[in-house]
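There are 2 protein chains.
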Amino acid sequence: MPSRRHAIADDLRHQISSGHFKAGERLPSEAQLATQYAVSTSTLRNALALLQGEGLVEKIHGNGNFVRHPLRRITYAGGAAAPASWATFSAHLRMIAQTASIEVPSHLSTLLNVPPRSNLTEVLFTTDEGRKPRGLAYIYIPRDLAPATRSVVGQITVRPPDARPVLVEVQERVSARLPTQAEAGTLRISPTVPVLSLTRVSTDATGHVIEAASLVLPGDAVDALFTTRFATEERNSKE
Amino acid sequence: MPSRRHAIADDLRHQISSGHFKAGERLPSEAQLATQYAVSTSTLRNALALLQGEGLVEKIHGNGNFVRHPLRRITYAGGAAAPASWATFSAHLRMIAQTASIEVPSHLSTLLNVPPRSNLTEVLFTTDEGRKPRGLAYIYIPRDLAPATRSVVGQITVRPPDARPVLVEVQERVSARLPTQAEAGTLRISPTVPVLSLTRVSTDATGHVIEAASLVLPGDAVDALFTTRFATEERNSKE
DNA sequence: GAGTGGTCTAGACCACGAG
DNA sequence: TCGTGGTCTAGACCACTCA
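Chains as they are written, first to last, in this note's numbering: chain A, 172 to 410; chain B, 172 to 410.
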């Protein structure tokens, strides 16, 4: 038996996909919709939270609920993918970086494989699409590898410069969770919208960590895409 | 200013990490906790939903809220990773597969790059750890490639058999969202727990799709890990 | 200031699990 | 059957946006 919230979400979803509500349009107020469906405001808000989590609806505090433009999902390109998949979006994205030199936090010293209290460079990225934040990234780089400046505009992430150490392996761990209050505030999403939490560790041939990054991406607007190519000659031997 | 739910979640988080509440232990009932923190039950439940989304707490309907064993996160291994990372978990996982021959659904014909109404094999996997569902997978394979039986126990996913067509590229698209009601029911998670939604498409050298899979993994128990290795000789030329 | 969504309350009633 | 969590109600009050 379907719960009320899902029934309402289904109905609204149909009205959106059928074009009754068009992209960019503002929905009736939550109070109106609640009356219309004969439910309490909380239940109606739960229904909207589902659609919001699917990226169909965008809530704007103090203004209204809006139908999202569906095709505008941003893609984080991981794996061996060339940055080419970024090209179509890069024009819309603006990145702001704050660089700081810090002592390695205790919880990162094991991850980065550096001695405790050594220095490293922390880069905090916020990525915006128009006025909307679309990404939050903490990147940590050993001090001796950090370049003075980095060209980053147009990509949500930076690869370590492939000049000096040879990049051998990148591990990216992805999880889905609810945002912390700070993340929800910075990304301007409601606490009920899931985020993709991505931890990336790049190592060189000697096993030293070149870069560690922690990314938080709002699940309603951003996907992550991992592409793996297998060389046709190099058949993967089963072990 | 921190909201009540986050303040309560922080406090409970500390009590868990400090060992005041131990792994496997049952928390006081929601009514008790609500009284203790002097909030309504809804607010307290919102706080618990946060911890649940982080994988710290497991809610069991009709029984109670339990502190999760922290180290037991399952990892979905994507990218070029060897199945080795599965070894430690495989003993705990049990997989059930249902195979059916179906006509290709319209929304999949473009994805699979097969003519509409052609036949393909659908495999529905449910993965369990003990009594808990930990994964839900729909895998579609063109009929002529589908083997009669597949050895799948111990892995949450199957790779297409590397016998016949040579696998060239795997694309995995990951997003974080809230589960549908059906998914929440099957995975036995609450609708507020985010899921990792993963779409995998494997193609051979000719661009034909060998396999398409749609996985839904509960965010509170499963991570996805993507490993990319760069051959040291093969320097990635920047284009 | 008017109207919007965000948080929270103090309940009611239902569904589930264990004894 | 009893105690648990799950859903929902009908509000109150606050925070934000826009005119």
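Every residue, glycine too, gets a C-beta built ideally from N, C-alpha and C.
A quick note: this is a predicted structure, and the numbers were derived from the prediction, not measured.
Original post:
With 16 other CB atoms within 10 Å as the buried threshold, where does residue 232/B fall?
Top reply: exposed
**OP:** Taking only beta carbons into account, state which residues of the stretch 232-247 of chain A come closer than 7 angstroms to chain B, listed in chain order.
**Re:** none
Subject >> Contact check, residue 366/B vs residue 388/B, beta carbons under 8 angstroms >> reply: yes
**OP:** Using a Cβ cut-off of 9 angstroms, pull out every chain A residue sitting near residue 227/B, in sequence order please.
**Re:** Neighbours of residue 227/B on chain A: none; closest Cβ ~11 angstroms, over 9 angstroms.
Original post:
Which word fits residue 154/A, buried or exposed, when buried means at least 16 other C-beta atoms lie within 10 angstroms of its C-beta?
Top reply: As shown, chain A starts at 172 and ends at 410. That puts residue 154/A outside it, with no answer to give.
**OP:** Out of 276/A, 340/A, 306/A, state which residue places its alpha-carbon closest to the alpha-carbon of residue 378/A.
**Re:** 340/A
**OP:** Look up residue 295/B in the DSSP assignment and say whether it is helix, strand or coil.
**Re:** strand
Original post:
Quick one, which of 398/B, 194/B, 373/B, 368/B has its alpha-carbon nearest residue 313/B's?
Top reply: 373/B
Subject >> Exposed unless 16 or more other CB atoms sit within 10 angstroms - verdict on residue 212/A >> reply: exposed
Original post:
Tell me which same chain residues have a C-beta within less than 6 angstroms of the C-beta of residue 253/B, skipping the five on either side of it?
Top reply: Caution is warranted here: a pLDDT of 37 is assigned to residue 253/B, below 50, making its placement in the model unreliable, and no coordinate value can be reported.
**OP:** Look at the alpha carbon of residue 347/B and the alpha carbon of residue 207/B, and state the distance between them as a whole number of angstroms.
**Re:** 33 angstroms
Subject >> Simplified DSSP assignment, three categories, for residue 353/B >> reply: helix
Original post:
What is the DSSP secondary structure of residue 385/B, reduced to helix, strand or coil?
Top reply: strand
Subject >> Under 8 angstroms from the C-beta of residue 385/A: neighbouring residues of chain B >> reply: Chain B residues near residue 385/A: none, gap ~14 angstroms exceeds 8 angstroms.
Original post:
Out of curiosity, what's the CA-to-CA distance linking residue 370/B and residue 203/A?
Top reply: 37 angstroms
Original post:
Terminal residues of the continuous beta strand (DSSP E) containing residue 220/B?
Top reply: Counting along the chain, residue 220/B falls outside any beta strand (DSSP E), though it belongs to the alpha helix (DSSP H) covering 212-224.
Original post:
Is there a Cβ from chain A that is less than 8 angstroms from the Cβ of residue 279/B?
Top reply: no
Original post:
With a CB to CB cut of under 7 angstroms and the five nearest residues on each side skipped, what residues in its chain are close to residue 187/A?
Top reply: 227, 238
**OP:** Take residue 392/B and list the residues in its own chain whose beta-carbon comes closer than 7 angstroms to its own, dropping the five residues that flank it on each side.
**Re:** 226, 244, 245, 305
**OP:** Would you mind telling me which residues of chain A sit closer than 8 angstroms to residue 390/B, beta carbon to beta carbon, in chain order?
**Re:** 346, 347, 348, 365
Subject >> Exposure label - residue 308/B; buried when at least 16 CB within 10 Å >> reply: buried
Subject >> residue 197/B: first and last residue of the uninterrupted alpha helix (DSSP H) it sits in >> reply: From DSSP, residue 197/B is part of no alpha helix (DSSP H); its letter is neither H nor E.
Original post:
By DSSP, does residue 391/A sit in helix, in strand, or in coil?
Top reply: coil
Original post:
In the structure shown, what three-state DSSP assignment does residue 370/B receive?
Top reply: strand
**OP:** Could you name the residues that DSSP lists as bridge partners for residue 313/B?
**Re:** 291/B
Original post:
Between residue 183/A and residue 176/B, what straight-line distance do the alpha-carbon atoms span, to the nearest angstrom?
Top reply: 29 angstroms
**OP:** Quick one: residues in its chain with C-beta nearer than 8 angstroms to the C-beta of residue 194/A, no 5 flanking neighbours on either side, listed in chain order?
**Re:** 238, 239, 240, 241
Original post:
What residues in its chain sit with their C-beta under 6 angstroms from that of residue 386/B, if we drop five residues either side in the sequence?
Top reply: 308, 369
Subject >> Assigned secondary structure, residue 360/B (DSSP; H/G/I helix, E/B strand, else coil) >> reply: coil
Original post:
In this structure, does DSSP put residue 180/A in helix, strand or coil?
Top reply: helix
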